[in-house]
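Here is the structure we will look at.
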Amino acid sequence: MLDIALRTLIKAIVAFNVTTRIDPAMRVQQERQLNPVADEVAALTAVARPILTGVLYALRRDLVQTVGGYDKVTLELLARLYRAGDGDCGICFEYAVHDAIRNGDARVLERISDAAKLCKVPGTDLHSILFGLEKTGTQQLIDTAEELLTDDSRLLYGTKGQPLKLRKHLNGIAGAFRNRNTRPALPYSIRGLWKADLFLGFSDTDRWAATTVKINPAQLEGAAGLRIGIVPTRQGRSDKVKLDENKNLVVCPLHHDEDFMQVFYEAWRIVQAFIDADAKVPKEIMLPRPVDREVAKILAERREFPVLEVVEAIGVFSQPELLATNDTQVGLQTLKGSTQTDMVLAPMPEAPDLFSK
1 MLDIALRTLI KAIVAFNVTT RIDPAMRVQQ ERQLNPVADE VAALTAVARP
51 ILTGVLYALR RDLVQTVGGY DKVTLELLAR LYRAGDGDCG ICFEYAVHDA
101 IRNGDARVLE RISDAAKLCK VPGTDLHSIL FGLEKTGTQQ LIDTAEELLT
151 DDSRLLYGTK GQPLKLRKHL NGIAGAFRNR NTRPALPYSI RGLWKADLFL
201 GFSDTDRWAA TTVKINPAQL EGAAGLRIGI VPTRQGRSDK VKLDENKNLV
251 VCPLHHDEDF MQVFYEAWRI VQAFIDADAK VPKEIMLPRP VDREVAKILA
301 ERREFPVLEV VEAIGVFSQP ELLATNDTQV GLQTLKGSTQ TDMVLAPMPE
351 APDLFSK
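Quick note on numbering: full-length UniProt numbering labels position 356 of the sequence shown as 356, and the sequence is numbered without any gaps.
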């Protein structure tokens, strides 16, 4: 769905034949949409605030202590410490779908169950498996019941043949995600499985379908092994769950605000470019859109001030009541490697039809 730099925690990878270590938790900073997007600069500024906060608290604590604590970290220092530190922060657009299924949102369950049926995935007890892969190669099971992934978990990949055992091939998928040269080593029927964002299926039958999630429906594309494509509904377009024979994907539109998801994505890119530019306005080639550069300028003018004070101060330039932040701790099982990612930002779009609580 996004470039690798944005998707630190998104890809579906798990180690095979390793000892699972249970970590205390991962911090999930949910950003729940309250109102539709209005003015773009105001909306981007509103979203940049929690992103900056998330990046700040993802810094290694020992680095922060050397400058006197989190409240002493300026935007200028944030840029330097974030690049130098081991801590990381990712965006997980898939979390909205995963969370809705985990919490039993009946309307989401109904639509995804319809998609699973079109994929001929049998079962009645619908679940989602959300994995994370860090740039270091660490593999994690995020906010997912440990027992969902078993040695007999089978993947239905959409062509004739015996369903594959999921665990058996996940290390190969991990390699394909990190290195394109290893992708031909995967069986042809699942050669595109490294693009999966979630595995959706049924725990009672232990059958699963690889799923891709796109905030822009135009970017939805099929790949060998992918079965379901989740996209936001588009005004004037059908929201019917149906098979796209050209992509060999069952397309499952969900009713969430595409504008909000796009603004979140743009704001994340602005913050990344701003940090990479040493807390200054990035070169135009990095942020060619005037609205993006305007937000970067708002931040750059305050580079010598503490991050937390800046976040509070620029609230007056932000779209009021666009989103609400909710910090939660979710279960995290590290299956391979050492966890470096401390938190994930999870945009939760407005849900007049499906995601509303």
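Glycine residues also receive a C-beta, built at the ideal position from the N, C-alpha and C atoms.
Could you check which residue in 94, 120, 125 has the C-alpha nearest to that of residue 109? Counting from 1 along the sequence shown, the entry for residue 109 is found at position 109. Checked all of 94, 120, 125; the closest Cα to residue 109 is 125.
For the beta strand (DSSP E) containing residue 201, list its first residue and its last residue. Translated into positions along the sequence shown, residue 201 becomes position 201. Run containing residue 201: 198-202, per the beta strand (DSSP E) assignment.
Name the DSSP beta bridge partners of residue 348, please? The residue you call residue 348 lines up with position 348 of the sequence shown. Per DSSP, 32.
Cα separation between residue 61 and residue 326? As a working note, residue 61 is residue 61 in the sequence shown. As a working note, residue 326 is residue 326 in the sequence shown. Taking the straight line joining both Cα atoms gives about 21 Å.
C-alpha gap between residue 241 and residue 159, whole angstroms: On the sequence shown, position 241 is the one that residue 241 refers to. On the sequence shown, position 159 is the one that residue 159 refers to. If you take the alpha carbons of residue 241 and residue 159, they lie about 20 Å apart.
For residue 37, which residues in the same chain have their Cβ closer than 8 Å to its Cβ, ignoring the five residues on either side in sequence? Reading the sequence shown from its first residue, position 37 is the one you call residue 37. Excluding positions up to five away in sequence, the list reads 43, 257, 259, 260, 263, 319, 322.
Might you give, ordered along the chain, the residues of its own chain that have their beta carbon closer than 6 Å to the beta carbon of residue 166, omitting 5 neighbours on each side? Here residue 166 refers to the residue found at position 166 when the sequence shown is read from its first residue. Closer than 6 Å at the Cβ level, and outside the excluded window around residue 166, lie 153, 155.
Below 6 Å CB to CB, which residues in the same chain sit around residue 225 once its five sequence neighbours on both sides are set aside? Taking the sequence shown and counting its residues from 1, the one referred to as residue 225 is at position 225. 157, 190, 192, 193, 210, listed in sequence order.
Using three-state DSSP, classify residue 127 as helix, strand or coil. On the sequence shown, residue 127 is found 127 positions in, with the first residue counted as 1. Correct three-state label for residue 127: strand.
Start-end ranges of the beta strand (DSSP E) lying completely within the segment 40-93, minimum 3 residues: 88-91
Taking the alpha carbon of residue 280 as the point to measure from, which residue in 76, 35, 81 has its own alpha carbon closest? Translated into positions along the sequence shown, residue 280 becomes position 280. It is 76.
Residue of 213, 307, 243 minimising C-alpha distance to residue 115: Working through the sequence shown from its first residue, we reach residue 115 at position 115. Restricting attention to 213, 307, 243, the CA atom closest to the CA of residue 115 is found in 243.
Can you tell me which residues form a DSSP beta bridge with residue 244? Here the question's residue 244 lines up with position 244 in the sequence shown. Paired residue(s): 249.
Give the range of the beta strand (DSSP E) segment to which residue 232 is assigned. For this step, residue 232 is matched to residue 232 along the sequence shown. It spans 226-232 - the beta strand (DSSP E) in which residue 232 sits, taken as one unbroken run.
Who are the Cβ neighbours of residue 195 in its own chain at under 7 Å, not counting the five residues just before and after it? Here residue 195 is taken as the residue at index 195 of the sequence shown, counted from 1. The residues are 212, 223, 226.
Would you identify the three-state DSSP class for residue 117, choosing helix, strand or coil? In the sequence shown, counting from the first residue as 1, residue 117 sits at position 117. DSSP places residue 117 in helix when its eight states are reduced to three.
Give me, in chain order, the residues of the same chain whose beta-carbon lies closer than 7 Å to that of residue 304; leave out the 5 immediate sequence neighbours on both sides. Counting from 1 along the sequence shown, the entry for residue 304 is found at position 304. Once the five neighbours on either side are set aside, the close Cβ partners of residue 304 are 74, 76.
Just tell me which of 271, 208, 233 has its CA closest to the CA of residue 216. As a first step, residue 216 must be located in the sequence shown, where it is residue number 216. Nearest to residue 216 by alpha-carbon distance, out of 271, 208, 233, is 233.
Backbone CA spacing between residue 150 and residue 102 [nearest angstrom]: Taking the first residue of the sequence shown as 1, we reach residue 150 at position 150. Taking the first residue of the sequence shown as 1, we reach residue 102 at position 102. Between residue 150 and residue 102, the C-alpha separation is close to 18 Å.
Taking the alpha carbon of residue 45 as the point to measure from, which residue in 306, 297, 349, 345 has its own alpha carbon closest? By one-based count along the sequence shown, residue 45 stands at place 45. Minimum Cα distance to residue 45 is reached at 297.
Quick check on DSSP: helix, strand or coil for residue 278? Looking up residue 278 in the sequence shown gives position 278. Here residue 278 sits in coil by DSSP.
Assuming residue 359 is part of the alpha helix (DSSP H), what are its boundary residues? Residue 359 is absent from the structure shown; the chain starts at 1 and stops at 357.
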